[in-house]
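Report on one structure; see the data block that follows.
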Amino acid sequence: MYKQTWRLITESQHIVLISHINPDGDALGSSLALYPLLKDMGKTVSIVNVTTPLPIRYDFLPNFTKIKQSMPLKCDLIISFDCGSYDRLGIKKHHCPLINIDHHKTNTNYGDINLIDSTKASASSVVLKLLEQNDIALRRDVATCIYTALAEDTGFFSFENVNATVFEDAAKLIAAKANPGFIAQQLKERNSLAKIRLTGIVINQLELINDAKIAYAILTLEDFKKSGALRSDSDECVDLIRSIVTVELAILLIEESDGYKISLRSKAQIDVSDIALAYGGGGHKRAAGFTAKTKETNTIIQNILNEATI
Ligand SMILES: [Mn+2]
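Using my numbering, read the sequence shown as starting at 113 and increasing by one per residue.
This is the structure we're talking about:
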């Protein structure tokens, strides 16, 4: 499969690298990793993410400024990264072949080639294996992207998905001159004041139920306006909620124009990807999400509680 994937890439000329809406470090890092390699192979490469604005915390990734918000007129291959279902790419149905590179166990296999390994901690680790299996040498810009993605999806090497392979991959990337200190500083020490204020709003209105085993908070469009925070500034709030000692299940509702996006995190007892899947979303055991096309927050929370057994 890894060889077949590379063959299709080699045979294609105009390639689109695309990742999921509201991208995280894995989505952007995985897609940006292939960009310079394909350019050097003489390909016409478009790197696409339809989200506006893109989270600027990733602006240190090589070729970040090359990301476009819309699809090019012409392409003969699409490669998607870190995206569990086609609708999360945010583009219309396309007729050119699609390679689906991912690590979500809830992936719907929407590609013509589905290069999915749910044992990998990040989609970027699947990219790394793709390069290794095809004898493509690592280089600094590529390693920086893959390492950033791996660091983020493992919570800087602290989540349950961390194993020996994760550290082996990290070692290979550092050997190829990815700089762990620089990358950590870029991601962890460049918060905007607006982001910290948004975090304060979350903490202030946090609700704890079921002997404080479940915690939830709701962020409204007004909260974003008031704090001046961007949508991507809320990405880590749900991890902060989970960090409370008693909390087993953390729920964050983020208002959108036509409903809510729901982020779920768990510690040990609950597989939140099951809950997300039940409501049309997806994700991982300890981190998952879905969207609800309703503004009835009580109903959304009740539905989650009905699925969660604590
Ligand atoms: Mn990922």
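Note that beta-carbon positions come from the ideal geometry of N, C-alpha and C, so glycine has one too. Bear in mind the structure is a predicted one, so any value in this text is a computation, not a measurement.
Query	Result
Rounded to a whole number of angstroms, what is the C-alpha to C-alpha distance between His164 and Ile326?	Looking at the sequence itself, residue 164 is Thr, so the reference to His does not match. Those two C-alpha atoms are separated by around 32 Å.
How about Ser234: is its Cβ closer than 7 Å to a heavy atom in ligand 1?	yes
With distances taken Cα to Cα, identify the nearest neighbour of Asp136 among Asn161, Glu123, Gln125 and Leu146.	Asn161
Please indicate yes or no: does the CB of Asp347 lie closer than 7 Å to some heavy atom of ligand 1?	no
Can you grab the Cα-Cα spacing for the pair Ser158 / Ile422, in whole Å?	46 Å
Check whether the Cβ of His215 lies closer than 7 Å to any heavy atom of ligand 1, and answer yes or no.	yes
Between the alpha carbons of Val384 and Gly154, how many angstroms are there, rounded?	43 Å
Assuming contact is defined by CB atoms lying nearer than 8 Å, are Asn134 and Ser339 in contact in what I supplied?	no
So Ser236 and Ser378 are supposed to be a Cβ contact under 8 Å. How far apart are they, rounded?	23 Å between Cβ atoms; not a contact.
In angstroms, rounded to a whole number, what distance separates the CA positions of Lys178 and Lys300?	23 Å
If you scan the segment 243-322 from start to end, which runs of the alpha helix (DSSP H) of 4 or more residues do you find wholly inside it?	252-265, 276-287, 292-300 and 305-316
Give me whichever residues DSSP pairs with Asp214 in a beta bridge.	Ile228
Please classify Leu140: is it buried, with 16 or more other beta-carbons within 10 angstroms of its beta-carbon, or exposed?	buried
Count the other CB atoms within 10 Å of the CB of Ala85; is the residue buried (16 or more) or exposed (fewer)?	Here the chain has residues from 113 to 422 only, and residue 85 is not among them.
Classify Tyr328 as helix, strand or coil using the three-state DSSP reduction.	strand
Give me the DSSP bridge partner(s) of Thr403.	Lys373
Run the proximity test for Asp224: is its beta-carbon closer than 7 Å to any non-hydrogen atom belonging to ligand 1?	no
How close, in whole Å, do the beta carbons of Asp370 and Lys405 come, if the pair is a contact with beta carbons under 8 Å?	6 Å
Does the segment 194-203 come into contact with the segment 355-369, if we say contact requires no fewer than three beta-carbon pairs (one atom in each stretch) closer than 8 Å?	no
Just list the residues that DSSP pairs Phe336 with in beta bridges.	In the DSSP output, where bridge partners are listed per residue, Phe336 has none listed.
By Cβ distance, which residues of its chain are closer than 8 Å to Leu173, with the 5 residues on each side in sequence left out?	Leu140, Gly141, Leu144, Thr256, Cys257 and Thr260
Please list, in chain order, all residues of the same chain as Cys187 whose beta carbon is under 6 Å from its beta carbon, the five residues on each side excluded.	His126, Val128 and Cys208
In this structure, how does DSSP classify Thr122 when only helix, strand and coil are distinguished?	helix
Distance check for Ile315 and Lys204, CA to CA, integer angstroms please.	38 Å
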